[in-house]
Amino acid sequence: MQYSLVHPETRIKLIDTQWDRCLKALLDGQADLALTAGQPSLSTFNSTLLFSDKFYLLCHRNHPLARLEMVDIADIGQYPFIGFCPGTRIRQHTDRLCDGREGFNYQMEVRQLTTMMGLIAANYGVSITTGLTLFQFRHKDIAIIPFRDLVLEAHKEIIFLFMCSENGHHRV
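For the sequence shown, my numbering begins at 2 and goes up steadily by one.
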């Protein structure tokens with residue numbers, strides 16, 4: 002908000018939505034930039050890596066995995082897994098975690114972090130999320146455990162739309 006005080010002619014509007022909707026907002030002229038996980042494959046966009054984010058296991062504090070200091074992906078397969086809906090960026094990441102391994106035992110699929118938090122706090126299963134979202138899971142009944150064997154990280158990118166002009170490309 003300090004930026005708005007210094008630059009009152011600029012309008013800042015925050016839209017909290019899925020990554021594909023962020024990219025659509027750029028294409029539709031509803032946004033000038035987007036902060037999202039992962040770089041889009043379209044050459045229409047340019048992105049800059051802001052940081053990489055590690056993954057963590059989430060489970061109920063009384064779950065058998067909650068006693069461990071670190072876990073491996075292989076530890077999860079036997080337990081009911083609460084995942085994000087197909088097509089979401091975090092689901093794409095969790096699906097990649099299973100490449101060449103036995104997959105997760107998906108029991109529920111959610112769109113919202115708060116729904117996932119409630120299900121884990123009620124001991125309906127385990128899940129995986131990134132460090133950026135861990136504040137949502139700070140709850141007396143939820144254990145947050147780092148992975149020992151994960152090399153995959155979620156990359157957070159700032160995305161810009163490039164428009165074609167007679168002189169070439171320019172950033173909006």
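Backbone N, C-alpha and C define an ideal beta-carbon position, used for all residues, glycine too.
Please read these numbers as outputs of a predicted model, since none were measured by experiment.
DSSP assignment within the segment 68-92 yields the following whole beta strand (DSSP E) runs of 3 residues or more, N-terminal first: 81-85.
DSSP places Q108 in the uninterrupted beta strand (DSSP E) bounded by 106-111. DSSP places D96 in the helix class (H, G or I) of the three-state scheme.
Looking at the DSSP output, I13 bridges to nothing. As a beta-bridge residue in DSSP terms, V127 pairs with F82.
Take E110, set aside five residues on each side of it, and the residues of its chain with a beta-carbon closer than 6 Å to its own are G84, C86, in chain order.
Counting only the Cα atoms, L98 lies some 11 Å from D73.
By the CB criterion at 7 Å, L51 and S128 fall outside the cutoff. Counted as a single uninterrupted DSSP element, the stretch harbouring L133 is not any alpha helix (DSSP H), since DSSP gives it neither H nor E.
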